[in-house]
Amino acid sequence: MIVRPHRATRRELLLASGVLFAWANMPRLALAEGRDPRFLVVILRGAMDGLAAVAPVGDPDWMRLRGDDALTLASTPAALPLDGFFALNPAMPNLHRLYQARQAAIVHAVASPYRERSHFDGQDVLESGFTRPGAADTGWLNRALASLPPAHPVDGRDAFAVGPITPLVARGPAPVLSWAPSRLQPASSDMTSRLLDLYHHTDPMLARALEERSALAAIARDGKGKSTAQTMQRPVGPYASVRAYFIEAALAAAKFMARPDGPRVGALAFDGWDTHANEGVAKGRLSSLLGALDGAIAALESGAGQAWKEMAVAVVTEFGRTARINGTEGTDHGTATVALLAGGAIKGGRVIADWPGVGEASLYQGRDLKPTIDLRAVMKGILRDHLRADEKVLANKVFPGSADIRPLDGLIV
Amino acid sequence: MALSQQAQAIIALNRFGFSPRSVPSLQFDARAALLAELDDPRTGQIDSGDLRSSGAAMRAVFEFRQERKAERMMLARDAAKSEKASAEMQPGAGEAAGAGAKSSSMRAAEDAAKPPQPKRGPGLPQQIYLAEAKARFDAALAADCGFVERLVWFWSNHFCVSADKGQVRPLCGAFEREAIRPHVRGKFADMLMAVETHPAMLLYLDNARSMGPDSVAGRRRNKGLNENLARETLELHTVGVRTGYSQADVTNFAKVITGWSITPPRRPDGGEFVFNPRLHEPGAQRVIGHVYAEPGMGQGRAVLLALAKNPATARHIATKLARHFVADESPPALVERLAACYRDTDGDLKELAKVLVTASEAWDAPRAKLRKPSEWLVNALRVLDLSPPDVRPLIQALNLLGEPLWRPPAPNGFSDDSNAWLDGIAERLDVANQMSRRAGVLTDPQEVAARTLGPLLSADTRQTLARAESRPQALALLLMSPELQRR
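Heads up: the sequence lines are chains A and B, in that order. My numbering puts the first residue of the first sequence at 3, with every later residue one more than the last. My numbering puts the first residue of the second sequence at 1471, with every later residue one more than the last.
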């Protein structure tokens, strides 16, 4: 079989305007305990349908709600059983395997504090960590990192991002480096240094941007390259290249983060979850996207190697979708959804939910899954117990005004 | 230090259009030139030549897909036939054990003798996309100041559709030519109406199949609403997010525009906008405090007209125009004047453009805005005097720079904020490197810099160019200079 290096195509660029960033200082307090934790946030843009990913098959109202489109243990292909009440979309066998190995957990009926239905405001709240949109131009993950007492810097660098645009969650005081795989012959280092010299004299912002990207491209070249390309099979089918891109981005992230001198915290973003029409829960668009995400989770596990046991991955989205199917076999913007947690550091094998039910009377505003867990509680639980972030800082700076939202206990092994 | 009139003119041309082809004279009046371009009806239009209308494109793509399908079926049938034939031949031949091997080696020889299948070029949707892209690049490369083209780009991004939604790919260019360009100096309400009834938008935001739950078709087929277009029309196209509308307003508006659909592309009149009363939700609907009782299509038209008149729309548009052309933080006084102009002129986009180019803020603002990748790329081509015959490298460059043509990641389009594009600066260097190699060693960088930037060329940049190791390197550095990155 001919194995060719995979190249990004137009669809992948759409669906995975992937961003990977990380802060490269070791968290000192965690290190002092003899741990070396890794934390990766995966943002699904476009609002993932949580009920299609993890279905409440034990809820008597479930079939009534989604009818023939309801995912059940008897549908074809059948949903994968989790705890008797919930079942996982059959496109996610790897997440299921990790769940059974107690390395994955699902938080259901979860939502950020945002209660309107604009993607862009919703993503703003999800990523900024503030309670209302437009409140800040920095992200909670970055502010959390900036608040940690650092041990030694990693590889002399601070952070990195993949993709030409750095997402809000990664912006802030902790410096971010970013890198995008280039298909063009890169400019020579001589040219780069001449341009940097000019920018240093004339435009410090451009100087910083160029410096950071160039530094990262260098790491990426010796850190990635062959290994991912050679393990990649040639994509086949309409969503195969999307899957390949998700996997490639995840593998690159995991390998970076697994290096002894690599970054400890990062973020990735995958687009394409806005399934208004022909959602394809069992077969089609959403099924393919969930399959791609599942492949990415498996790639994180294999790419991290030994570091997987210290890894916590949180997959989150700006909000959920309508509980019912709309008039065009899709779902419109909704409220509560799921958060998927995976990694050796996650106390897995359970669905964490204060289940609101999906009967007519239980739906939020008569249309959406009602949120019963605040997503900030989940993130605060991980940041506190995994990275040893200070609880007060989490309440005031990372998620301002969230003192009433207690960190969720016991998420970390 | 006060800037000379000449320097100010160059700044203005860059801010509203593209770099001048040669340094304007000392007395050149840039304001007058920009206003004159706005008055010239030939600007902002694309001679459609061989380009298809959106309806024709949809019909042609439908036929193309039918043909491909038929071909695939034929091939499958042939393959099944020949397999069957060889399966029958082998056991029936009754020859020595070597026969099977012989026949298969013969087949291999036959295969080798066949000429290799010619590699298929891009399919029709992609061919149309490329032809439209070429026309768009050509228009921008040929423009004089480029102000009207930049306005087209602004509105096209404001009302974006995406080629990544399969059916929309062959329609993106036609959408811009049919719904944006004709109205770029007209009334906002007319552009709004043209956009929301265009097949590309109806497909992109899923309205084509939305139907009223109580419409004839909805009741029969137990199907219903898709609220995507209604929500984004409110949130992104008109009044803007957080301006007081509710979920009920979104749902009701979605009902209002049920039936705004497209004729099936298989028909001779296919691929065109149609109001289909069988899909339309009957009855009056309340949207943002007003009840609309008009029958049929008139109901949606009335809502769009009201949205166009809403003061929140005036403010939304004013803020975005100021942010795009002048400063990331839209100057409040300028926003005020633009919004007032919008209200006074009933959303006359030409009058808004005039306010922009005559505003003192637009002339005094520091050159802090980073050009978006598309602006920078086209400007770089103009500076180097390149007009590549093949559009594909330009498309690839925009992909790499994070602003793929007609392919925004979400319906809010590409960001107008400089910070969003800072991280792509290293990719720009790679693209600049590529382009300057193409410009070759015959182009004199100092001369290009002098005629493009005139008095704006900084001593630092001049020195950097002078010290470059080669002409291509100097050209790449010029394209990357803050003078050409920012405007």
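The C-beta atom is built at its ideal place from N, Cα and C for all residues, glycine as well. Keep in mind that this is a model prediction, so the values were computed, not measured.
| Query | Result |
| --- | --- |
| Quick one: what does DSSP say tryptophan 310 of chain A is sitting in, helix, strand or coil? | helix |
| Where aspartate 1684 of chain B and phenylalanine 258 of chain A are concerned, what is the direct C-alpha to C-alpha distance, given to the nearest angstrom? | 55 angstroms |
| What does the Cβ neighbour count give for leucine 1808 of chain B, buried or exposed, with the cut at 16 atoms within 10 Å? | buried |
| Kindly list the residues whose CB is nearer than 8 angstroms to the CB of glycine 60 of chain A, restricted to its own chain and excluding five residues on each side of it in sequence; keep chain order. | Gly86, Phe87 and Phe88 |
| Thinking glycine 1514 of chain B and valine 1622 of chain B are a contact (beta carbons under 8 angstroms), I'd like their distance in whole angstroms, please. | 6 angstroms |
| Output, in sequence order along the chain, the residues in the segment 108 to 129 of chain A whose CB is closer than 8 angstroms to any CB in chain B. | Glu118, Arg119, Ser120, His121, Phe122 and Asp123 |
| So the alpha helix (DSSP H) phenylalanine 1658 of chain B belongs to, where does it begin and stop? | 1658 to 1666 |
| Which complete alpha helix (DSSP H) runs does the segment 1650 to 1720 of chain B hold, if anything under 4 residues is left out? | 1658 to 1666, 1669 to 1674, 1686 to 1691 and 1698 to 1702 |
| Would glycine 1694 of chain B count as contacting chain E if we go by Cβ distances under 7 angstroms? | In the displayed structure, chain E is absent; the protein chains listed are A and B. |
| Is arginine 40 of chain A helix, strand or coil by DSSP? | strand |
| Might you give, ordered along the chain, the residues of its own chain that have their beta carbon closer than 8 angstroms to the beta carbon of alanine 242 of chain A, omitting 5 neighbours on each side? | none |
| At the level of alpha carbons, what is the spacing between tyrosine 201 of chain A and threonine 1934 of chain B? | 10 angstroms |
| Could you spell out where the alpha helix (DSSP H) holding valine 353 of chain A opens and where it closes? | From DSSP, valine 353 of chain A is part of no alpha helix (DSSP H) but of the beta strand (DSSP E) over 352 to 354. |
| Among A/Met207, A/Gly332, A/Ala391 and A/Tyr116, which one has its Cα closest to the Cα of leucine 288 of chain A? | A/Gly332 |
| Do alanine 111 of chain A and alanine 279 of chain A have their CB atoms nearer than 7 angstroms? | no |
| Count the other C-beta atoms from every protein chain shown that fall within 10 angstroms of the C-beta of lysine 1839 of chain B, then say buried if there are 16 or more, exposed otherwise. | buried |
| Is the Cβ of arginine 1679 of chain B closer than 7 angstroms to any Cβ of chain A? | yes |
| Short of 8 angstroms in beta carbon distance, which residues of its chain neighbour glycine 368 of chain A, apart from the five on each side in sequence? Order them along the chain. | Glu362 |
| Taking contact to mean at least 3 C-beta pairs separated by less than 8 angstroms, is the segment 1819 to 1839 of chain B in contact with the segment 1890 to 1898 of chain B? | no |
| Between valine 380 of chain A and the rest of its own chain, which residues show a CB-CB distance below 6 angstroms, the 5 nearest in sequence each way excluded? | Val109, Ala341 and Leu410 |
| How far does the beta strand (DSSP E) with tyrosine 241 of chain A in it reach, from first residue to last? | It is not in any beta strand (DSSP E) - tyrosine 241 of chain A carries neither H nor E in the DSSP assignment. |
| Let me see if you follow: with CB-CB separation under 7 angstroms, is asparagine 280 of chain A close to chain B or not? | no |
| Suppose contacts are defined by Cβ-Cβ distances below 7 angstroms. Is glycine 307 of chain A in contact with glycine 322 of chain A by that definition? | no |
| Helix, strand or coil, according to DSSP, for glycine 1525 of chain B in the structure here? | helix |
| Where does lysine 1693 of chain B land, buried or exposed, given buried means 16+ other C-beta within 10 angstroms? | buried |
| With respect to the alpha helix (DSSP H) encompassing leucine 1505 of chain B, which residues constitute its N-terminal and C-terminal limits? | 1500 to 1509 |
| Which partner residues does aspartate 1731 of chain B have in the DSSP bridge list? | A small fix is needed here, since residue 1731 of chain B is serine in this sequence, not aspartate. B/Val1744. |
| Using a Cβ-Cβ distance under 7 angstroms, would alanine 26 of chain A count as near chain B? | Note that alanine 26 of chain A scores 48 on pLDDT, short of 50, meaning its location in the model is unreliable; the coordinates nonetheless yield the value given after this. Chain B, which has no Cβ nearer than 7 angstroms to the Cβ of alanine 26 of chain A, makes this no. |
| Who pairs with leucine 82 of chain A in a beta bridge, going by DSSP? | A/Leu90 |
| Quick one: using the 10 Å Cβ neighbour count with 16 as the cut-off for buried, is arginine 1590 of chain B buried or exposed? | exposed |
| Indicate whether alanine 347 of chain A and alanine 301 of chain A have their beta-carbon atoms separated by less than 7 angstroms. | no |
| Report buried or exposed for threonine 78 of chain A, applying the criterion of at least 16 other Cβ atoms within 10 angstroms of its Cβ. | exposed |
| Could you check the C-alpha separation between proline 1863 of chain B and asparagine 398 of chain A for me, to the nearest Å? | 49 angstroms |
| Shorter than 7 angstroms from the beta carbon of glutamate 1580 of chain B to some beta carbon of chain A? | A caution first: glutamate 1580 of chain B carries a pLDDT of 49, below 50, which makes its placement in the model too unreliable to give a value. |
| So what's leucine 1545 of chain B in DSSP terms, helix, strand or just coil? | helix |
| Buried or exposed: aspartate 387 of chain A, going by 16 or more other Cβ atoms within 10 Å of its Cβ? | buried |
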